Amino acid sequence: MNDHQELIEIYLDGELTTEQEKRLADWLTADREHMRRFVREAHLQRQLRDIMLAQSFQVKASPVAGKVKQPGALSLISTAVLAFRRIWLPLAVCLVLVITGFGVWYFNPTAGKPTLAEIQGSGLILERAGHRLSATVDIHLQPGDLLRTPENVTAVIGYAPESTRVKLLPGTELTLTAIGRGKVFALVVGKLEATVARQSPFRPVIISTPQARARVVGTRFTLTVATNSTRLDVMEGKVRFTRLSDEKFVQVTGGHYAVAANDYELAALPFTGSITRQWWVGVAGSVVNDLRDDPRFPGRPDGSELAKTLELEPVRTNHFAVRFVGFLHPPVTGDYEFWLTGATDAQLFMSPNADPAQKVIIAQNVSYARKAWDQPHVSGGSNWAPPVPLVAGRIYYIEAIVLIEKGEGHLAVAWKLPGGERTLLTGEFLSPLQPPK
Amino acid sequence: MQTDKDNHEQFTRLWTEAQPILAGYLYAAVPDFQEAEDLLQEVAVILLRKFSEYNREQPFVGWAIGVAKREVLMSRRRHARSRIFYQADLLERLADTCEELTPELEERSRALRECVRAVQGRAAELLRLRYEECLKFDAIAARVGMAAVAVRVMLSRTRAALRDCVERKVKFQNSRS
């Protein structure tokens with residue numbers, strides 16, 4: 002590429018230095034043909050924009066079948082036209098009005114311009130074209146603006162009059178890439194919470210991170226960027242979440258999350274935080290298998306709630322059974338070990354996938370000491386499950402049951418992540434059988 | 051006597067023909083897609099309002115570019131970007147050249163639409179990000195996992211290939227006619 006062609010391209014990319022500006026101006030003035038060349042290049046790039054927008058529209062729009070006029074059918078067509086005018090024209094007009102009304106409602110582009118709506122704490126950084134500006138409430142934001150929230154500082158970008166709000170949590174760096182045609186952000190690091198009012202499908206909110214892209218037309222969600230991963234949690238609505246490394250995407254609906262990272266399967270998974278705990282009273286027998294003979298098991302427990310950990314604190318009772326049931330969300334891919342302690346009789350099941358029908362028993366235990374993880378093996382089973390290979394991004398059915406015949410009973414499950422220490426299994430890595438309403 | 055409806059129809063037809071040239075002119079003068087598109091909308095509104103002043107004997111594109119030129123000058127006062135077209139004579143020459151090249155540019159647009167179909171894979175994705183989403187090189191690089199300089203080089207080569215393709219098609223067309 003010659004020097005002047007390069008100058009033209011840099012100019013059209015909006016990145017010309019003052020010295021380059023002067024050289025380009027001199028070159029354009031020197032010869033009429035230079036200006037022609039410049040105009041052709043500008044026209045080519047402007048046309049590329051139209052072509053790309055048209056292609057994007059064609060992909061989004063559904064094809065409409067055309068009607069072909071048959072030769073020789075003129076009289077029939079004339080009759081049809083007359084009938085159309087008399088009867089169908091008013092109906093067609095009404096239909097057009099309804100469709101237009103719907104179109105205005107559905108495609109109406111949101112009009113809000115971004116401003117800093119709230120700032121909590123001091124030290125918010127706003128950079129525009131490399132210059133640091135005073136970040137104050139109500140300041141209008143522009144494309145290219147960079148916002149940084151230090152520790153203990155939060156900021157909210159508002160789009161009044163529409164209700165879209167993007168909240169930057171402490172330690173976040175966000176660039177407003179575009180504001181005119183859709184709202185486009187680049188989230189470099191940190192976490193944001195967003196409430197997005199209904200957007201035009203052709204002007205969605207797009208948030209890019211180093212690992213992923215979230216495309217939103219109206220929803221409430223959080224997006225968290227760590228060193229090597231991006232996590233999306235959707236509270237309401239639907240977000241298209243694309244992993245940049247291979248452009249694979251998943252639709253994430255309310256109550257679900259997805260993670261884009263290496264060695265992590267891209268999937269929409271139910272929120273973690275708790276596991277289902279069910280109980281039955283007055284259960285006859287002394288071992289877990291006796292619970293299976295109870296007609297109320299498993300569909301009609303005497304009670305059910307969400308538990309934050311897979312643990313039943315010591316309880317003095319009798320003929321009482323407790324079942325923890327839900328899904329395990331391994332955070333990394335690798336081999337995991339599991340331990341179970343319970344009194345008076347307890348069993349731990351897992352499935353190689355999310356299907357409860359494929360569950361197998363992986364540990365069982367009769368231990369009277371609470372959290373007695375390192376027990377000698379006893380005949381009939383072990384309270385330790387040897388390493389189980391699990392894949393991050395998949396979920397696995399998990400179930401733990403204890404039957405307390407008489408006296409004090411308890412139950413707990415621990416696990417060890419690849420390369421980690423043994424810890425109690427907590428709700429952070431669990432989701433309930435039925436997501437809470 | 052022409053009715054409002056006739057005027058409106060005539061304006062729509064003339065505007066549809068002139069719009070790509072106007073868009074190219076404004077983008078050449080204001081190298082920012084969104085700013086240029088905002089200006090294009092403003093120009094369209096002004097042209098429609100002043101359409102009764104348009105002399106039908108003169109080319110519509112020339113009249114429209116004249117109006118657009120004033121809007122560019124106004125815009126220059128609002129947004130201080132590149133100062134190249136602060137020079138009134140250069141802006142004048144840009145307008146003249148756009149008008150002069152109108153038939154050629156229309157021909158080039160048709161050729162370009164055919165040439166773009168041959169661009170596939172990553173090059174096509176870069177074109178989409180640059181021209182549909184209007185992303186700068188850094189943002190494109192972050193999106194596709196390439197270095198910004200590699201994005202710049204690849205886009206530049208793709209445009210060069212498109213230029214060559216357009217030239218070939220235009221020459222071929224001219225040799226046949």
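Protein chains in written order, with the working numbering: chain A, 2 to 438; chain B, 51 to 227.
Note that beta-carbon positions come from the ideal geometry of N, C-alpha and C, so glycine has one too.
This structure is a prediction, so every number in the text was calculated from the model and none was measured.
- Each of E20/A, D346/A, E237/A, A195/A was checked against the Cα of F321/A, and the nearest Cα belongs to D346/A.
- Contacts between E182/B and chain A, judged by CB atoms closer than 8 Å, involve R50, M53, L54, Q56, S57 in chain order.
- Taking 9 Å as the cut-off, the Cβ atoms of A358/A and E409/A do not count as close.
- Membership of S305/A in the beta strand (DSSP E) is indicated by the continuous run 304-308.
- Contiguous alpha helix (DSSP H) elements confined to the segment 112-181 of chain B occur at 138-150, 152-166, 171-177, taking only those with 4 or more residues.
- In chain order, L13 place their CB closer than 7 Å to the CB of Q46/A, counting only its own chain and leaving out the 5 sequence neighbours on each side.
- A residue is called buried when at least 16 other Cβ atoms come within 10 angstroms of its Cβ; I362/A does not meet this threshold and is exposed.
- Taking 9 Å as the cut-off, the Cβ atoms of F272/A and D247/A do not count as close.
- Fewer than three pairs of CB atoms, one per stretch, sit closer than 8 Å, so the segment 408-424 of chain A makes no contact with the segment 254-272 of chain A.
- Within the same chain, V80, E85, L89 come within 8 Å of S125/B by CB-CB distance, once the 5 residues on both sides are set aside.
- Contact annotation for F83/B against chain A: R50 [CB-CB distance below 7 Å, chain order].
- Proximity of S206/B to chain A, defined by a Cβ-Cβ separation below 9 Å, is satisfied.
- DSSP places F298/A in the coil class of the three-state scheme, outside both helix and strand.
- Using a Cβ-Cβ cut-off of 9 Å, R129/A does not count as an interface residue toward chain B, since no Cβ of chain B sits closer than that to its own.
- Secondary structure note for I11/A: its alpha helix (DSSP H) is the uninterrupted segment 4-13.
- In this structure, DSSP gives W416/A an extended state, which the three-state scheme calls strand.
- Judged by DSSP in its simplified three-state form, P357/A adopts helix.
- Chain-order list of chain A residues neighbouring S159/B: Q48, by C-beta distance under 7 Å.
- Take the alpha-carbon of S206/B and the one of E10/A: they are about 8 Å apart.
- In the structure shown, T173/A falls within a strand segment according to DSSP collapsed to helix, strand and coil.
- For L147/A, not one C-beta of chain B is nearer than 9 Å to its own C-beta.
- For M204/B, the uninterrupted alpha helix (DSSP H) run begins and ends at 198-226, by DSSP.
- Interface with chain B (9 Å Cβ-Cβ cutoff): A215/A is excluded.
- Not one beta carbon of chain B lies nearer than 9 Å to the beta carbon of G113/A.
- Spanning the alpha carbons of F298/A and V253/A requires a straight line of approximately 33 Å.
- Within the segment 148-179 of chain B, C148, L151, L155, R158, S159, L162, R163, V166, L177, R178 place their CB atoms closer than 7 Å to a CB of chain A, listed in sequence order.
- Closest by C-alpha distance to G195/B, out of A213/A, H35/A, D295/A, R221/A, is A213/A.
- Contacts with chain A (Cβ-Cβ distance below 9 Å) from the segment 67-94 of chain B involve P70, I71, A73, G74, Y75, L76, Y77, A78, A79, P81, D82, F83, Q84, E85, A86, E87, D88, listed in chain order.
- Interface annotation for the segment 213-246 of chain A against chain B: R214, L245, S246, criterion Cβ-Cβ distance under 9 Å.
- The beta-carbon distance between V201/B and A210/B, rounded to whole angstroms, is 15 Å. This is too long to meet the 8 Å contact definition.
- Bounds of any alpha helix (DSSP H) do not take in E338/A; it lies within the beta strand (DSSP E) bounded by 335-344.
- Around the beta carbon of P211/A, 16 or more other beta carbons lie within 10 angstroms, which makes this residue buried.
- The C-alpha of Y181/B is placed about 28 Å away from the C-alpha of L193/A.
- Against G195/B, the close residues of chain A are L245, S246, in the order they occur along the chain (beta-carbon pairs closer than 7 Å).
- Interface residue (Cβ-Cβ distance to chain B less than 9 Å): L13/A is classified as such.
- Of the candidates S225/B, R172/B, P153/B, R172/B places its Cα closest to the Cα of V203/B.
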